[in-house]
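J.: Structure incoming, see below.
Protein chains: 2
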Amino acid sequence: MRDAYHEELDAIGDGLVEMAGLVGSAMGRATAALLDGDLKLAESVIEADTRVDDLQRDLDDRAITLLARQQPVATDLRTVVTSLRVSADLERSGDLAQHIAKLARLRFPGRAVPRNLHRTILEMGQLAQRLMAQAAEVIVTKDVAEALKLESDDDRMDELHRMLFQHLLDGRWKHGVETAVDVTLIGRYYERFADHAVSVAQRVVYLVTGEYSDELPPGISPGQPA
Amino acid sequence: MRDAYHEELDAIGDGLVEMAGLVGSAMGRATAALLDGDLKLAESVIEADTRVDDLQRDLDDRAITLLARQQPVATDLRTVVTSLRVSADLERSGDLAQHIAKLARLRFPGRAVPRNLHRTILEMGQLAQRLMAQAAEVIVTKDVAEALKLESDDDRMDELHRMLFQHLLDGRWKHGVETAVDVTLIGRYYERFADHAVSVAQRVVYLVTGEYSDELPPGISPGQPA
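Those protein sequences? They're chains A and B, same order as listed.
Take 160 as the starting number for the first sequence in the numbering used here and just add one per residue.
Take 160 as the starting number for the second sequence in the numbering used here and just add one per residue.
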């Protein structure tokens, strides 16, 4: 049986996984709202972000209470500190999904994304959601190989981001400056969201190995850090 | 006389102030590099960011060692946790200054910012640097009124950011899509940098009052949180 202290630590971990689930789902729905021009869906994403913020405050308060009452050392201490950092990444990821939903709302009944970029944005949205699901799994399993795999999977996001810029800058852009501005911001939001998912995984690597992922021997890392 | 523990806590505080100084200065120099098209200056800003990253790792390691060895409670515990959060804000601010320097380098020998936007960008750069200097002072003084003032000072950044968008979207934009993309990102970088300075101040408010700044009675807060 686990003691009350480790049960509380597990509960915080469960809360982080719940946060990751919420922000991953928010990003999926924000992408749908953006591409379909769905105002109701956009508004539901915007409102739902308070739940993520509340969860973060609650988890952080519990982590700090744990530090004060149990005064953990070694791995347990690193676990609590990591949970504070991970919750910050997840809270910020929720903001980014909310930003995308707000752009969808701002352009309603129009669309922020021109038709010929839908496929790229859809892939960015799906990849963002998948990376966050992987990050949630890494929180549970603490699997370093899986965590490092996120870094290489994130390369595809960088590639999609570059493709978006190529569309913007190939000299045949026909959608005007406002849409160029929207697409620039949207691309940035997806890329940052993916960075936070990678960051969650990197924090777990640090927790398990005591090393930052860019300090691990090259054989262990399948990809370059972002 | 202060004991070794409080001396170490002070030293961490000094380190945070040093980080804030470095990233504030980086933002000032990045802005100069951007507006003057100064490649050497841009490169020096880009390289100098490793110093900020190293400082963060060092400060965080010291904060975690302090948690493990001294097992602080109450205000001392909150101070250490706050230092971890503040260092994350400052590290990210350094990245944003670096992003601006990278854009200056990318467009060299050209300029990323059209002449008629120089004044707005210069003001954004100066305000960003000033907000970070205020944040550094708040770390030292722990003055809640000063911390809350940052939130209202940041309103000017939002205004400048809106002015930038008005230029982009008023239908008379003559600088092409590439420059529109650059200006969109640059505006976002300054705004985020200022948000992090505000966030540093808000964390100090939480440290001192135990309340998040948006939970304080309206009389105490001179402005709305970002």
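A virtual CB, placed ideally from N, CA and C, is assigned to each residue, including glycine.
As the structure is a prediction and not an experimental result, all values here were calculated from the model.
#1: Grouping DSSP H, G and I as helix and E and B as strand, with all else coil, what is Glu-253 (chain B)?
#2: I want to verify the contact list: residues of chain B whose CB lies under 8 Å from the CB of Ala-189 (chain A), in sequence order.
#3: Under three-state DSSP, which class holds Lys-308 (chain A)?
#4: Let me know if Tyr-349 (chain B) comes out buried or exposed under the rule of 16 or more other beta-carbons within 10 Å of its beta-carbon.
#5: Where Gln-230 (chain B) and Leu-236 (chain B) are concerned, what is the direct C-alpha to C-alpha distance, given to the nearest angstrom?
#6: In angstroms, rounded to a whole number, what distance separates the CA positions of Thr-343 (chain A) and Ile-171 (chain B)?
#7: Which residues of chain B have a Cβ atom closer than 8 Å to the Cβ of Leu-226 (chain A), listed in chain order?
#8: Helix, strand or coil: how does DSSP classify Ala-287 (chain A) here?
#9: Name the chain A residues that come within less than 7 Å of Ala-339 (chain B), Cβ to Cβ?
#10: Is the region 348 to 363 of chain B touching the region 296 to 311 of chain B, taking contact as three or more C-beta pairs under 8 Å?
#11: Per the contact definition of three or more C-beta pairs closer than 8 Å, is the region 191 to 204 of chain A in contact with the region 257 to 267 of chain A?
#12: Select from the region 317 to 330 of chain A all residues with a C-beta closer than 8 Å to any C-beta belonging to chain B, and list them in chain order.
#13: List the residues of chain A whose Cβ lies closer than 7 Å to the Cβ of Gln-230 (chain B), in chain order.
#14: Looking at the C-beta of Ala-170 (chain B), does it have a partner C-beta in chain A at a distance below 8 Å?
#15: Given this structure, state the Cα-to-Cα distance separating Met-160 (chain B) from Ala-292 (chain B), to the nearest angstrom.
#16: Given that Leu-344 (chain A) touches chain B, what residues does it touch there, using C-beta distances under 8 Å?
#17: Excluding the 5 residues preceding and the 5 following Gly-334 (chain A) in the sequence, name in chain order all residues of the same chain whose CB lies nearer than 7 Å to its CB.
#18: Hey, is Leu-243 (chain A)'s beta-carbon within less than 8 Å of any beta-carbon in chain B?
#19: Quick one: does Ala-144 (chain B) have its CB under 8 Å from some CB of chain A?
#20: Which residues mark the beginning and the end of the alpha helix (DSSP H) in which Gly-346 (chain B) is found?
#21: Using a Cβ cut-off of 9 Å, pull out every chain A residue sitting near Ile-223 (chain B), in sequence order please.
#22: Could you name the residues of chain A that Ala-247 (chain B) contacts, counting a contact when the two beta carbons are closer than 8 Å?
#23: For the region 236 to 246 of chain A against the region 239 to 248 of chain B, are there 3 or more C-beta pairs whose distance is under 8 Å?
#24: In whole angstroms, what separates the C-alpha of Val-211 (chain A) from that of Val-336 (chain B)?
#25: Within 10 angstroms of the Cβ of Thr-338 (chain B), are there 16 or more other Cβ atoms? Answer buried if so, exposed if not.
#26: Looking at C-alpha atoms only, which residue of A:Glu-250, A:Ala-179 and A:Asp-162 is the closest neighbour of Arg-289 (chain A)?
#27: Please state whether DSSP places Phe-324 (chain A) in a helix, a strand or coil.
#28: Buried or exposed for Thr-300 (chain A), going by 16 or more other Cβ atoms inside 10 Å?
#29: Does the ligand HEM have even one heavy atom less than 7 Å from the beta-carbon of Ala-306 (chain B)?
#30: Out of curiosity, what's the CA-to-CA distance linking Val-340 (chain B) and Val-340 (chain A)?
#31: So, with DSSP's three-state summary, where would you put Val-371 (chain B)?
#32: Can you tell which of B:Thr-234, B:Gln-215 and B:Glu-166 has its C-alpha closest to the C-alpha of Leu-156 (chain B)?
#33: Which residues mark the beginning and the end of the alpha helix (DSSP H) in which Gly-196 (chain A) is found?
#34: Spatial neighbours of Glu-250 (chain A) within its chain, please: C-beta separation below 7 Å, excluding the five flanking residues on both sides.
#35: Is the beta carbon of Ala-263 (chain B) less than 8 Å from the beta carbon of Ala-201 (chain B)?
T.: The answer reads as follows:
#1: A small correction: the amino acid at residue 253 (chain B) is Gly; Glu does not occupy that position in the sequence shown. Three-state result, Gly-253 (chain B): helix.
#2: Residues of chain B whose Cβ lies closer than 8 Å to the Cβ of Ala-189 (chain A) do not exist; the shortest such Cβ separation is about 18 Å.
#3: In this structure, Lys-308 (chain A) counts as helix in the three-state DSSP scheme.
#4: By the 10 Å Cβ count, Tyr-349 (chain B) comes out buried.
#5: Their Cα atoms are separated by approximately 8 Å.
#6: So the two alpha carbons sit approximately 38 Å from each other.
#7: Here the neighbours are Leu-226, Leu-236 and Val-240.
#8: Secondary structure of Ala-287 (chain A) (DSSP, three-state): helix.
#9: Against Ala-339 (chain B), the close residues of chain A are Val-336, Ala-339 and Val-340, in the order they occur along the chain (beta-carbon pairs closer than 7 Å).
#10: Judged by pairs of C-beta atoms under 8 Å, the region 348 to 363 of chain B touches the region 296 to 311 of chain B, as three or more such pairs exist.
#11: The region 257 to 267 of chain A vs the region 191 to 204 of chain A: in contact.
#12: Hits within the stretch, in order: Phe-324, Leu-327 and Leu-328.
#13: Result: Gln-230.
#14: False, the Cβ-Cβ gap to chain A never drops below 8 Å.
#15: In this prediction, Met-160 (chain B) scores a pLDDT of 49, lower than 50, which makes its location untrustworthy; the coordinate-derived value is nonetheless stated afterwards. Distance between the alpha carbons of Met-160 (chain B) and Ala-292 (chain B): 29 Å.
#16: Here the neighbours are Thr-343 and Arg-347.
#17: Looking at the sequence provided, one finds His at residue 334 (chain A) rather than Gly. Here the set comprises Pro-273.
#18: For Leu-243 (chain A), the closest Cβ of chain B is nearer than 8 Å.
#19: Because chain B spans 160 through 385 in this model, residue 144 (chain B) falls outside it and cannot be assessed.
#20: Here the alpha helix (DSSP H) through Gly-346 (chain B) covers 335 to 368.
#21: Near Ile-223 (chain B) (Cβ distances below 9 Å), the residues of chain A are Leu-236, Arg-237 and Val-240.
#22: Ordered by position in chain A, the residues that pass the 8 Å Cβ test against Ala-247 (chain B) are Arg-244 and Ala-247.
#23: Between the region 236 to 246 of chain A and the region 239 to 248 of chain B there are three or more inter-stretch CB-CB distances shorter than 8 Å, so the stretches are counted as touching.
#24: Approximately 36 Å between the Cα atoms of the pair.
#25: Buried, since its Cβ has 16 or more Cβ neighbours within 10 Å.
#26: For the set A:Glu-250, A:Ala-179 and A:Asp-162, the Cα lying nearest the Cα of Arg-289 (chain A) is the one of A:Ala-179.
#27: In the structure shown, Phe-324 (chain A) sits in a helix (DSSP, three-state: H, G or I).
#28: By the 10 Å Cβ count, Thr-300 (chain A) comes out exposed.
#29: Looking for the ligand HEM in the displayed structure turns up nothing, as the structure carries no ligands at all.
#30: Taking the straight line joining both Cα atoms gives about 6 Å.
#31: This sequence places Tyr at residue 371 (chain B); Val is not what is there. Here Tyr-371 (chain B) sits in coil by DSSP.
#32: The structure shown does not extend to residue 156 (chain B), since chain B spans only 160 to 385, so no value can be given for it.
#33: Careful: Gly-196 (chain A) lies outside any alpha helix (DSSP H) and carries neither H nor E.
#34: Excluding positions up to five away in sequence, the list reads Val-211, Asp-212 and Gln-215.
#35: Going by C-beta atoms, Ala-263 (chain B) is nearer than 8 Å to Ala-201 (chain B).
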